[in-house]
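Presented below is the structure to which this report refers.
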Amino acid sequence: MYINSHLAVWFALFVRHFQFGWSVVEYYESVEWTPQNHKFHFPKETIQNGEAYHRLSVSPSTKMIVICPHPSTYLHDQQQEIPNEQRYEAVWHVDKQSFLDCKVGNRIGNINRLWLRCDTPMEKLKYDTLVFQRFSADPGSLKFPPGTEHYFIATSDGTKDSLNNTSGGHCDDVANDISMKMMIYVCSNKTDPACNVKTDPPPTSTNTTETTESTLIPGPATQASRKSASWDTWHLLTIIFGVSFAVSLIILSVCLFVVCRRTTDNTTSSETHQLHPEGDENGMENIQIDNTKKNYCRA
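Going letter by letter, the sequence shown gives residues -23 to -1, 1 to 276 in mature numbering (1 follows the signal peptide of the UniProt record, and there is no 0).
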């Protein structure tokens, strides 16, 4: 039993290590939820047609951070400072129809509800993390089953009084060429074409029109940029280390078993020679001592 209990512990440690290797989390490029973000800039005609939105594809079990507007963050050069009074935003998680209409519909579970409220632009930097997994321990958290699309919109116009608005705002701000709408597609698996699209590096010049056109190409969404090492390389190293660790545990377990078995055999042999036929007090004492040694390995 002593050896079996140790084998159980070693096996649990091995499984834990192997799970850790296969649960490596990748973080995608963060999205700053602000109208100054070029990802939300589109031509007026595109916004009016309801075809202007930022979309991306993500792999299951990955994460992405959405950051609220804050004076400490600027995505690009600005001619003048952005007033803090215009940094109030809201991130709504909505259904497809609400996404197209820029109007939050009736709430159904976790759909059509306020996910992130950016109401502290002059205090701490506020953000939240999207975890693209099928299940969650928190009943109120968003769930992202593979092969599904998810929609987010902004209905605030940047002012504090508009935080509770459920329509319009920066979702379809045609006058300023802004459409703060985001669609996220969770790929079915690692072989899903949407998550294996070869993308060219971004151009050095910031051309809003070119970026918008590439975003609106029909078909699967453009794969989001990942900020981590190669997934396949890490998994290969994890497998090699895990197999080596398992082999080492097996060899060590066999050695311990052989040593304890030999100790038990030697103890039994010694017990036979030490006991007297008439069983005096010394013999009984030897039995107790030998049994203590033998039980150490059998326990």
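Quick reminder that beta carbons are idealized off the backbone N, C-alpha and C, glycines included.
Since we're looking at a predicted model, the values are computed, not measured.
- Annotated as distal: residue 47 and residue 158, with beta-carbon spacing of 9 Å or more.
- Where residue 109 is concerned, the enclosing beta strand (DSSP E) starts and stops at 104 to 109.
- Judged by DSSP secondary structure, residue 34 falls outside any alpha helix (DSSP H) and instead within the beta strand (DSSP E) spanning 31 to 35.
- Counting only residues of its own chain and dropping the five nearest sequence neighbours on each side, residue 155 has a CB closer than 6 Å to the CB of 12, 17 and 147.
- In the pairwise beta carbon analysis, the segment 113 to 120 is classified as not touching the segment 56 to 65: fewer than three pairs are separated by under 8 Å.
- The C-alpha of residue 144 is placed about 15 Å away from the C-alpha of residue 137.
- Taking C-beta atoms as the reference points, residue 130 and residue 218 fail to come closer than 9 Å.
- Sorting 28, 42 and 33 by C-alpha distance to the C-alpha of residue 8 places 42 at the top.
- Between residue 164 and residue 122, the gap from beta carbon to beta carbon reaches 9 Å or more.
- Pairing residue 45 with residue 93 gives a Cβ-Cβ distance under 9 Å.
- The closest CA to that of residue 5, considering only 14, 160, 139 and 35, is found on 35.
- For residue 114, the secondary structure class from DSSP, reduced to helix, strand or coil, is coil.
- Its Cα nearest to that of residue 168, the residue 37 stands out among 3, 28 and 37.
- The Cβ-Cβ distance between residue 133 and residue 87 does not fall below 9 Å.
- Scanning 78, 50, 68 and 58 for the CA closest to the CA of residue 101 turns up 50.
- Secondary structure of residue 39 (DSSP, three-state): strand.
- Per the coordinates, the alpha-carbon of residue 224 lies some 53 Å from the alpha-carbon of residue 15.
- The beta carbons of residue 142 and residue 67 sit closer together than 9 Å.
- Check the Cα spacing between residue 26 and each of 135, 150, 71 and 84: the tightest is with 150.
- Residue 135 and residue 95 have their alpha carbons spaced roughly 10 Å apart.
- Scanning its chain for C-beta atoms nearer than 7 Å, with the 5 sequence neighbours on each side dropped, one finds around residue 74 the residues 82, in chain order.
- When DSSP states are grouped into helix, strand and coil, residue 229 belongs to the helix group.
- The shortest C-alpha to C-alpha distance from residue 103 to any of 58, 10 and 171 is the one to 10.
- Judged by DSSP secondary structure, residue 75 falls within the alpha helix (DSSP H) whose first and last residues are 73 to 78.
- Looking at 170, 222, 160 and 20, the one whose alpha-carbon comes closest to that of residue 79 is 160.
- Nearest C-alpha to residue 21 among 126, 107, 85 and 152: 152.
- In the three-state DSSP reduction, residue 54 falls in the coil class, being neither helix nor strand.
- Bridge partners of residue 220 according to DSSP: none are assigned.
- Sequence-distant Cβ neighbours of residue 97 in its own chain, meaning closer than 6 Å and more than five residues away, are 103.
- About 26 Å separates the beta carbon of residue 40 from that of residue 140, a gap too long to meet the 8 Å contact definition.
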